[in-house]
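Visitor: Dropping the structure in here first, questions after.
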Amino acid sequence: MNLNSLRKYLRRALALTAALALAAISGLSAAETVLATRDAEIYASPSANAPSLRIPAGTVMEKTGERDNWIRVERSGRTAYMRADAATEVTDCNAATGYVAEAAPMYKSYGSADKYGTLPVGAEVTVYAVAGSWANVGFRGCRGFVRKDALSAQKVEGGASDGSQSERPEVVITKGKHAYAAVEGAKVYKSYSTSSRLLGRLPVNTRLSVGAVCGDWAYVSLNGFKGYMKLSSLSDQKVSAPNVADVDPADESGDKPSFSDDVPDSASDGVSSAKPARGTAQSMDWWSSDIQTIFARGTTATITDVATGIAWKEMRKGGTNHADCQPLTAADTAAMKAACGKWSWTRRAVFVTIDGVNYAASMNCMPHGAGSITNNNFNGHHCIHFTNSRTHSGNRVCAQHQAAIQKALAAKL
């Protein structure tokens, strides 16, 4: 089995298998179902040296065997292996709806550990699984663990559990709430930590939907993209005198991803806001490196054409054997066409820059297929390849793309 087939095999092994309903809250059990109690690796064989994929805490699987300190797990009929101490037996609740009957701390991991905050009475949650006295739940963009006995299958009225209003919930429902970026360049993160990946920066007064507030973080969405922002970067109203967000020294190099499909005002002059990459680029194997995570779907990158030095921004929207991408704005499309001269299948050496790091890649300039960004003057998507990536139609490594990648690796901009 080649590495490509193995990765597909492991991904399919992670598909959720529903089993039981909300009756799990009352303590029913399913002996062969297990839950990952922490972020953990699953392996192709019971060996730490075998190819692996990482799964998040709360992942539900079927346990089919155990030997020494390894267990065999299955998802959708596919088999993988993991450390026995990283999982516990659970009841799968089939994403049932539950309600918070008393103010309940919500933790990031199984058992008492780092806390998101406190769920208020009456909050509606999605119950994924029950492990012992703990329930794995989802709440307005956060997923974590709460005490099982704090949940109810019946809807309850909101308010503090003792009838008072003295306890202010640390996590609150904000359905239908909107907020505005209070500073220019407000940061949006992948998770509720400034050490997590920076998804992008927002112009001041950008209007966002707020799904939840967790401590001093807000879970926000914009045009289908989701992330976390510090409450200090948000305002309930538009601000009249924009401030400038503090810039971390680590953020100075390279362009940061955008967070919106909207065409910015600068697009009217036909000039992309992207800054051309400088220096050299590194090789990233599509299958064995982290490039599919770094350049995940929804991530925006700066593309720099090696031959012309012209740069523009693009978002990865899809693709499995390689990245299917679209110029972010009409101005980015104009910059891309200026680099290519015309729409063409000719392979071109490019730098793909994400969070200040340059990656060697190859692309064609031909719009084709479907495209979900509708205001960028680009009808469809085009392909960006990395080392050893494959075509979708023939599932083969394209020699022309690989030659262009080698050209990018040899370039210094």
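Residue numbers for the sequence shown follow the working numbering, so the first one is 127 and each next one is one higher.
Glycine included, each C-beta is placed from N, C-alpha and C at the ideal position.
With a threshold of 8 Å, establish whether the CB of Ser414 neighbours any heavy atom of the ligand FMN.
Guide: With respect to small molecules bound, the structure shown includes none, and the ligand FMN cannot be examined in it.
Visitor: Just confirm the distance between the C-beta atoms of Cys268 and Ala338, as a whole number of angstroms; I'd bet it's less than 8 Å.
Guide: 6 Å
Visitor: Please specify which runs of the beta strand (DSSP E), each continuous and at least 3 residues long, are wholly inside the region 446-478, giving them in chain order.
Guide: 449-453
Visitor: I'd like to confirm the pairing. Which residues does DSSP put opposite Phe271 in its beta bridges?
Guide: Tyr233 and Asn262
Visitor: Using the C-alpha atoms, what's the distance from Ile420 back to Arg180?
Guide: 14 Å
Visitor: In the DSSP output, which residue or residues are listed as bridge partners for Arg411?
Guide: For clarity, residue 411 is Asp in the given sequence; the question names Arg instead. Note: Asp411 sits in a beta bridge opposite Thr513.
Visitor: Determine the DSSP secondary structure at Ala539, reduced to helix, strand or coil.
Guide: In the sequence on display, residue 539 carries Leu and not Ala. Three-state result, Leu539: coil.
Visitor: Please classify Ile499: does DSSP put it in a helix, a strand, or coil?
Guide: coil
Visitor: In whole angstroms, give me the CA-to-CA distance for Thr252 and Ala530.
Guide: The alpha-carbon atoms of Thr252 and Ala530 are separated by roughly 47 Å.
Visitor: Distance check for Asp275 and Val247, CA to CA, integer angstroms please.
Guide: Val247 and Asp275 have their C-alpha atoms roughly 13 Å apart.
Visitor: Give every residue of the same chain whose Cβ lies closer than 8 Å to the Cβ of Ala464, excluding the five residues on either side of it in the sequence, and list them in chain order.
Guide: If the five residues before and after Ala464 are omitted, its C-beta is found closer than 8 Å to the C-beta atoms of Thr434 and Ile436, all from its own chain and listed in chain order.
Visitor: Quick one: using the 10 Å Cβ neighbour count with 16 as the cut-off for buried, is Ala427 buried or exposed?
Guide: Burial call: buried.
Visitor: Can you tell me which residues form a DSSP beta bridge with Asp481?
Guide: DSSP lists no bridge partner for Asp481.
Visitor: Give every residue of the same chain whose Cβ lies closer than 6 Å to the Cβ of Gln291, excluding the five residues on either side of it in the sequence, and list them in chain order.
Guide: Caution applies to Gln291, whose pLDDT of 34 falls short of 50 and renders its modelled position unreliable; the value that the coordinates give is listed next. No residues qualify anywhere along the chain.
Visitor: Here's the rule I'm using: 16 or more other beta-carbon atoms within 10 Å means buried, otherwise exposed. How should Lys364 be labelled?
Guide: Exposed is the call here.
Visitor: Within the continuous alpha helix (DSSP H) that includes Ile417, where are the two ends?
Guide: Ile417 to Ile420
Visitor: Distance, Cα to Cα, Asp458 vs Glu440?
Guide: 7 Å
Visitor: What's the gap between the Cα of Leu360 and the Cα of Asn195?
Guide: 47 Å
Visitor: Taking 7 Å as the limit between beta carbons, can you name the residues of its chain near Leu328, skipping five residues before and five after?
Guide: Counting only Cβ-Cβ distances below 7 Å, and skipping sequence neighbours, we find Ala307, Ala312, Val314 and Phe385.
Visitor: Which residues mark the beginning and the end of the beta strand (DSSP E) in which Cys220 is found?
Guide: Reading off the sequence, residue 220 comes out as Asn, not Cys. Asn220 -> beta strand (DSSP E) spans Thr217 to Val226.
Visitor: Quick one: what's Arg442 bridged to in DSSP?
Guide: Cys451
Visitor: With distances taken from CA atoms, which of Asn175, Ala261, Ala487 and Ala249 is nearest Asp411?
Guide: Of Asn175, Ala261, Ala487 and Ala249, the smallest CA-CA separation from Asp411 is found for Ala487.
Visitor: Strictly by DSSP, which residues pair up with Gly353?
Guide: Gly353 pairs with Val346.
Visitor: Report the partner residues of Val186 according to the DSSP bridge assignment.
Guide: Beta-bridge analysis with DSSP links Val186 to Leu161.
Visitor: Return yes when the Cβ of Val476 is within less than 9 Å of the Cβ of Asp431, no when it is not.
Guide: Contact: yes.
Visitor: Express the C-alpha separation of Ala166 and Ser519 in angstroms, rounding to a whole number.
Guide: Cα-Cα distance, rounded: 34 Å.
Visitor: Check the C-beta distance from Arg474 over to Lys443 and give it rounded, since I have them as a contact under 8 Å.
Guide: About 20 Å separates the two Cβ atoms, so there is no contact after all.
Visitor: Kindly identify the DSSP beta-bridge partner or partners of Ala206.
Guide: Val199
Visitor: What are the boundary residues of the beta strand (DSSP E) that includes Ile429?
Guide: It spans Thr426 to Asp431 - the beta strand (DSSP E) in which Ile429 sits, taken as one unbroken run.
Visitor: Rounded to a whole number of angstroms, what is the C-alpha to C-alpha distance between Tyr485 and Thr425?
Guide: CA-to-CA, the gap between Tyr485 and Thr425 works out to about 14 Å.
Visitor: Hey, how far is the Cα of Trp471 from the Cα of Thr406?
Guide: 25 Å
Visitor: Only counting the same chain, and skipping five residues up and downstream in sequence, which positions put a Cβ closer than 8 Å to that of Asp281?
Guide: It should be pointed out that residue 281 corresponds to Lys in this sequence rather than to Asp. Excluding sequence positions up to five before and after Lys281, its CB lies within less than 8 Å of the CB of Tyr225, Gly248 and Glu250, all in the same chain and listed in chain order.
Visitor: Excluding five sequence neighbours on each side, which residues of the same chain lie with their C-beta closer than 6 Å to the C-beta of Thr185?
Guide: Excluding sequence neighbours, Thr185 sits near Ala162.
Visitor: Anyone know if the C-beta pair for Ala183 and Ser235 falls short of 9 Å?
Guide: yes
Visitor: Mark Asp211 as exposed unless 16 or more other C-beta atoms lie within 10 angstroms of its C-beta, in which case mark it buried.
Guide: exposed
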